[in-house]
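Residue numbers (my numbering): 4 to 419. See below for the structure under consideration.
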Amino acid sequence: MSDFRQQALDYHQYPTPGKISVELTKPANSSKDLALAYSPGVAEPVREIADDPDNAYKYTAKGNLVAVISNGTAILGLGNLGPLASKPVMEGKALLFKRFAGLDAIDIEVTHRTTQDFINTVANIADSFGGINLEDIKAPECFEIEQALIEKCSVPIFHDDQHGTAIVTAAGMLNALEIQGKKLRSARIVCMGAGAAAIACMELLIKCGAQREHIYMLDSKGVIHTRRDDLNEYKMLFANNTDKRSLEEVIEGADLFLGVSGPDLLSPETLKLMAEKPVVFACSNPDPEIKPELAKQARNDVIIGTGRSDYPNQVNNVLCFPFMFRGALDVRATAITDEMKVAAVEAIRQLAKEEVPDSVLEASGESSLTFGSDYIIPKPMDPRLCHRVARAVAEAAVKSGAAKIDMPKNYMLDQD
């Protein structure tokens, strides 16, 4: 057993199994405390909520509470291992919500027979929470699940494997293209992978200005094109009218490559086929589609990002999802709109252009960080992310009509 494996097991087991617990926010030391906390005092907020459901935000923890929900069908890179096996990941997600955005989160693992069973289960408990973070649900079921829950629920639904990945990817790619002197609107894009993350990334890039006809997507059978008869409705959105069938054919002259597929699938020789000053995001984890050192040996003009923390330009969802929910919950948003996603993209990418505080350098183990080819997205430990992204998301929620209340006065401004 490797040292790291044992360290990971010990971390989860000792001194108390698991990574989260419940804490009290009110005193419970006297008979009066208990009378207020439970019977008879609890009847008063019950009546208020029965009269107006929005009072749940006033008298309960709903407004600061997120449910992290999975069925364990796509756990990390490990596959379909079932709901219970996903529990350590969901607890980890809850830990990140608390650590980075001060949000309480509880993990819920759902065993079900059909997709509709899962949808019904989540929809029936949704009102207990301020928001629902879906996690590790395989495609294409994840698309149906998320859309059905958005239609059924009055709290924001966010499948992080889709949209969190897309938001951070878009922020990094826009900055990388800017550094390379290119525009997203005219960029030719190759996406290797056609699952939930790939489709969400491409859809968000389109919302940011990319042209659908400039995108070539590949799955395990090759290029997704209009003459294939084996495509689901989600892949059909990216079926290109082309005679090109291989990665080598579509990547020639491409400006941008996104890999959300598997290790070592982009060779140095294939990378050389890309246009001048290419951008490569090789996000397969733990082993990327091409290792950065190989990419830079093949092309000294490439900007590359991966999902790994031991290389520059880590594409990490923690840059996004805690703050998406922070901003959404603080204005009681009923949904996560496209405007809120794009606002998060802009907030993240703009932060990377600012001077990096010493505390972030120390936490990241860096002597300096300056906007450029090896620093295109902020570091996860940057404390400015919370108020910048949350504020942008909250503002967009209000403007797009998703918020039930206005922006709190001076919201997050005192933290700049």
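Beta carbons: idealized from backbone N, C-alpha and C, even for Gly. These numbers come from a predicted model, not from an experiment.
Cutoff 6 Å; reference residue i; Cβ partners in own chain excluding five residues on either side
i	result
Thr76	Asn83, Ile140, Lys141
Asn58	Glu51, Ile52
Ala108	Val69, Val71, Ala97, Phe100
Contact under 7 Å by Cβ, residue i with residue j
i	j	result
Pro295	Tyr314	yes
Cys194	Leu261	yes
Ala104	Pro325	yes
Leu274	Ala257	no
Val282	Ala179	yes
Ala242	Leu207	no
Thr114	Glu147	no
Ile380	Gly175	yes
Val321	Gly310	no
Leu276	Glu252	no
Ala393	Ala336	no
Ser305	Cys286	Note that residue 305 is Val in the sequence shown, not Ser. In this structure, Cys286 does not lie closer than 7 Å to Val305 by Cβ.
Arg248	Gly265	no
Rounded Cβ spacing between residue i and residue j (contact assumed at less than 8 Å)
i	j	result
Gln165	Ala203	4 Å
Gln214	Lys280	19 Å between Cβ atoms; not a contact.
Cys444	Leu187	Outside the displayed range of the chain (4 to 419) lies residue 444, so it cannot be described from this structure.
Ile351	Val171	7 Å
Ile192	Leu259	5 Å
Own chain, CB closer than 7 Å to residue i, minus 5 neighbours either side, in chain order
i	result
Ala11	none
Glu94	Gly21, Lys22, Ile23, Asp110
Met410	Val334, Ala397, Glu398, Val401
Lys35	none
Val363	Lys382, Met384, Asp385
Ala129	Ile135, Cys156, Val158
Glu342	Ala399, Lys402, Ser403
Among the options, the one whose alpha carbon lies nearest that of residue i
i	options	result
Asp361	Met384, Asp57, Phe7, His15	Met384
Ala298	Leu269, Ala278, Ser312	Leu269
Val89	Asp130, Ala126, Glu138, Thr63	It is Ser, not Val, that sits at residue 89 in the sequence shown. Ser89 has its Cα closest to that of Glu138, out of Asp130, Ala126, Glu138, Thr63.
In DSSP terms, what residue i is bridged to
i	result
Phe284	Leu261, Gly308
Val113	Note: Val113 sits in no beta bridge, so no partner.
Ser73	Glu112
Val226	Leu221
Glu195	The sequence given here has Met at residue 195, not Glu. Beta-bridge pairing links Met195 to Leu221, Gly262.
Gln317	Thr309
Cut-off 8 Å between Cβ atoms - residues of its own chain near residue i, not counting five sequence neighbours on either side
i	result
Phe328	Val69, Phe100, Ala104, Leu106, Gly133, Gly134, Asn136, Pro159, Phe161
Met377	Note that residue 377 is Asp in the sequence shown here, rather than Met. Hits under 8 Å: Pro315, Asn316.
Pro86	Ser73, Asn74, Gly75, Glu112, Val113, Thr114
Val92	Ser73, Ile78, Leu79, Glu138, Asp139
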